[in-house]
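Protein sequences appear in the order of chains A and B.
So the first sequence is residues 1 to 239, counted in full-length UniProt numbering.
So the second sequence is residues 1 to 239, counted in full-length UniProt numbering.
Just so it is clear, CB atoms sit at the ideal spot from N, CA and C, and this is done for glycine as well.
Keep in mind it's a predicted model, so treat the numbers as computed, not measured.
2 protein chains.
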Amino acid sequence: MDAVGDGVTRWRRVADGIRAAIGDGTVADRLPPEAELAERFGVNRHTVRRAIAALAADGLVRAERGRGTFVSGGAPRLAYEIGPRTRFSENLLAQARRPGGRMLRAAIVPADAETAALLDCAPGTDLHRVESIREADGVPLSVATAWYPAARFPGLVAALVETGSVTEALRREGLADYRRRETRVTAERLSAADAEHLSSSADGLVLVARAVNVDLSGRPVQALVTRFHADRTELVFRS
Amino acid sequence: MDAVGDGVTRWRRVADGIRAAIGDGTVADRLPPEAELAERFGVNRHTVRRAIAALAADGLVRAERGRGTFVSGGAPRLAYEIGPRTRFSENLLAQARRPGGRMLRAAIVPADAETAALLDCAPGTDLHRVESIREADGVPLSVATAWYPAARFPGLVAALVETGSVTEALRREGLADYRRRETRVTAERLSAADAEHLSSSADGLVLVARAVNVDLSGRPVQALVTRFHADRTELVFRS
DNA sequence: TGCCATTTGTTCGTATGTATT
DNA sequence: AAATACATACGAACAAATGGC
Chain A
1 MDAVGDGVTR
11 WRRVADGIRA
21 AIGDGTVADR
31 LPPEAELAER
41 FGVNRHTVRR
51 AIAALAADGL
61 VRAERGRGTF
71 VSGGAPRLAY
81 EIGPRTRFSE
91 NLLAQARRPG
101 GRMLRAAIVP
111 ADAETAALLD
121 CAPGTDLHRV
131 ESIREADGVP
141 LSVATAWYPA
151 ARFPGLVAAL
161 VETGSVTEAL
171 RREGLADYRR
181 RETRVTAERL
191 SAADAEHLSS
201 SADGLVLVAR
211 AVNVDLSGRP
221 VQALVTRFHA
231 DRTELVFRS
Chain B
1 MDAVGDGVTR
11 WRRVADGIRA
21 AIGDGTVADR
31 LPPEAELAER
41 FGVNRHTVRR
51 AIAALAADGL
61 VRAERGRGTF
71 VSGGAPRLAY
81 EIGPRTRFSE
91 NLLAQARRPG
101 GRMLRAAIVP
111 ADAETAALLD
121 CAPGTDLHRV
131 ESIREADGVP
141 LSVATAWYPA
151 ARFPGLVAAL
161 VETGSVTEAL
171 RREGLADYRR
181 RETRVTAERL
191 SAADAEHLSS
201 SADGLVLVAR
211 AVNVDLSGRP
221 VQALVTRFHA
231 DRTELVFRS
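Next up, the structure:
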């Protein structure tokens, strides 16, 4: 490098400087332009951009081309409760949010090894695969992919389209009730396709919840992978 | 720019090219040096670096200074089960993993509003704040911050240091048993400090689990924020 | 409507620092 | 000790989106 004070890189010191300015309220909403920051910190504009990229990665700021770079005001997350009787609509209505959503795709696919194990069926078994988006107050919240044994629920997709409700569609197919057996949660980066569906910036995060729902006798009826927008959601588990 | 084929930026096309090469096995373990990639794709080395940074952000590759850039072979995640009686050591031993860890810091701090609400005490109440790292087979798994009412457990920190076990330390302080009331899960980017503790690249992800543990009469005894390394962990909730 | 200044995004060039082999 | 390879930093130019006039 060149004349560096300590062992810390310049872009880190710029990032810390901006972070401090946000912390003490010196910059409330919008950051000065990159060119001005570069001059003020006595570094190249690239160095400022590297610093801002780091802050953006921490979710502290958000850069918008042609407009500027803004301090991201953290909106409160929706608390999505997951338990034995998780139902999307009930969950949202309990928090005075309007549930919504739509089906993206539906197809019949052969079960791969992983899904077959979850649904306790033979690999290759015909499954309905249904992809859908779920919204709260019109804001996309999650993208979900669900698999159902096709032989057991032959008219499922039509019922889903007609009712718009998983619970109601399964009821029409003869399933009185179901409950969630287990949920496995991981975190991933938003894929480009999901970013579009969730109308989010491309560098967002998702909470991935993999679940199995079973009927009252314990037979799996649905394998579910839901990708929740991490900035808008918090998953709640009660013990 | 200059002669661009379509509306896609060059670094994205380079990234897609590398991604494809990884996908079809053309590059199995190690990427060619940046200079060679630059020449092969007919772009500047900076453009290659931008592409590699994006792939690294997706967790697909991992750059090591002086050595090269490597395809990160996804190790299977540790399934960390969370329930009413979550105990770290038991959890790991059940999967034939060796539990470990160490305390990072301990201090007495006044309760802020949020923690006070969780622990059902007045804001400003003295709390032990204990930060620690937990490991599986010597690999850092999570960084945890715990708050305990100091008045109720005066000798807690000494007991934690001596026993290395939360359950055992609380028992010495007169708490026979405790259970988890609820867990709230979010996803965040790894902070610089946590990245060091978890010996991870700076652009990793964490699963943040916020929990409250209560005694048998339902009184909160511990507020807990655990940041799990998302690449190494999967949280499992049974209903 | 279109033009223009502002601001972030991309790309190239060049040089030097630092860790690994 | 030398070569290799990634990391940081500066300079310059143009592209693309936004917003005001």
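For residue j and residue i, the rounded distance between their alpha carbons
| i | j | result |
| --- | --- | --- |
| Leu207/A | Val185/A | 7 Å |
| Thr226/A | Leu216/A | 22 Å |
| Arg181/B | Ile18/B | 46 Å |
| Leu141/B | Leu37/B | 34 Å |
| Ala53/B | Leu198/A | 24 Å |
| Ala96/A | Glu90/A | 10 Å |
| Glu188/A | Thr233/B | 12 Å |
| Leu156/A | Ala111/A | 17 Å |
| Leu235/A | Gly83/B | 14 Å |
| Arg85/B | Asn44/B | 55 Å |
| Ala159/A | Ser165/A | 8 Å |
| Ala135/B | Thr163/B | Correcting the residue type first, residue 135/B is Glu in the shown sequence and not Ala. Straight-line Cα distance between these residues: approximately 16 Å. |
| Ala20/B | Ala35/B | 19 Å |
| Ala3/B | Val48/B | Note that Ala3/B has pLDDT 35, beneath the 50 cutoff, so the model's placement of it is unreliable and the number below is only indicative. In a straight line, the C-alpha of Ala3/B is about 17 Å away from that of Val48/B. |
| Asp194/B | Glu114/B | 22 Å |
| Arg179/A | Cys121/B | 36 Å |
| Ala75/A | Val27/B | 42 Å |
| His128/A | Glu81/A | 26 Å |
| Trp11/A | Arg13/B | 27 Å |
| Pro220/B | Val61/B | 43 Å |
| Gly174/B | Leu92/A | 41 Å |
| Phe70/A | Gly59/A | 11 Å |
| Leu224/A | Gly42/B | 43 Å |
| Met1/A | Ala116/A | Confidence at Met1/A is low in this model, with a pLDDT of 43, below 50, so the placement of that residue is unreliable and no value is reported for it. |
| Asp24/A | Arg77/B | 39 Å |
| Ala169/B | Gly218/B | 19 Å |
When the options are compared against residue i, the one with the closest alpha-carbon
| i | options | result |
| --- | --- | --- |
| Ser72/B | Ser217/B, Ala146/B, Ile22/B | Ile22/B |
| Pro154/B | Ala56/B, Glu135/B, Ser142/B, Arg171/B | Arg171/B |
| Thr167/A | Val214/A, Leu190/A, Ala15/A, Gly124/A | Val214/A |
| Pro149/A | Glu162/A, Val143/A, Leu118/A, Asp177/A | Leu118/A |
| Thr161/B | Arg62/B, Arg98/B, Ala106/B, Arg30/B | The sequence shown places Val at residue 161/B, not Thr. Here the closest residue by C-alpha is Ala106/B. |
| Ala146/B | Val236/B, Leu104/B, Gly42/B | Leu104/B |
| Asp16/B | Glu39/B, Ala159/B, Arg50/B | Arg50/B |
| Ala230/A | Pro123/A, Ala79/A, Leu205/A | Leu205/A |
| Gly238/B | Asp120/B, Asp194/B, Arg62/B, Ala79/B | One point to set straight first is that residue 238/B is Arg, not Gly, in the sequence displayed. Out of Asp120/B, Asp194/B, Arg62/B, Ala79/B, Ala79/B has the C-alpha closest to the C-alpha of Arg238/B. |
| Arg63/A | Ala223/A, Pro32/A, Val14/A | For the record, residue 63/A in the displayed sequence is Ala; it is not Arg. Of the listed residues, the one whose Cα sits closest to Ala63/A is Pro32/A. |
| Leu190/A | Gly25/A, Ala57/A, Val14/A | Ala57/A |
| Ile108/B | Thr125/B, Val139/B, Ala116/B, Leu224/B | Thr125/B |
Near the ligand NAP: residue i beta-carbon under 7 Å from a heavy atom
| i | result |
| --- | --- |
| Asn91/B | Only the bare structure without any ligand can be found here, which leaves the ligand NAP out of the picture. |
Short CB-CB distance (under 8 Å) between residue i and chain A
| i | result |
| --- | --- |
| Ser72/B | no |
| Ile82/B | yes |
| Glu182/B | yes |
| Arg232/B | no |
| Arg13/B | no |
| Leu119/B | no |
| Arg179/B | yes |
| Leu207/B | yes |
| Arg134/B | no |
| Thr189/B | Thr is not the amino acid found at residue 189/B; the sequence shown has Arg there. Interface residue, yes. |
8 Å Cβ cutoff, residue i in contact with chain B
| i | result |
| --- | --- |
| Leu235/A | yes |
| Val185/A | yes |
| Asp58/A | yes |
| Ala176/A | no |
| Leu160/A | no |
| Ser239/A | yes |
| Arg10/A | no |
| Arg77/A | yes |
| Arg19/A | no |
For residue j and residue i, believed in contact at Cβ under 8 Å, the rounded distance
| i | j | result |
| --- | --- | --- |
| Arg152/A | Ser132/A | Actually they are not in contact, since the Cβ atoms of Arg152/A and Ser132/A sit about 20 Å apart, beyond 8 Å. |
| Arg98/A | Asp137/A | 5 Å |
| Gly68/A | Arg30/A | 5 Å |
| Thr183/A | Ala144/A | Rounded, the Cβ-Cβ distance is 13 Å, inconsistent with contact. |
Residues in the region 27-49 of chain B having any Cβ partner in chain A nearer than 8 Å: none
Q. For the region 96-108 of chain A, which residues have a beta carbon sitting closer than 9 Å to at least one beta carbon of chain B?
A. none
### Query
Closer than 7 Å, Cβ to any Cβ of chain B: which residues of the region 209-226 of chain A, in chain order?
none
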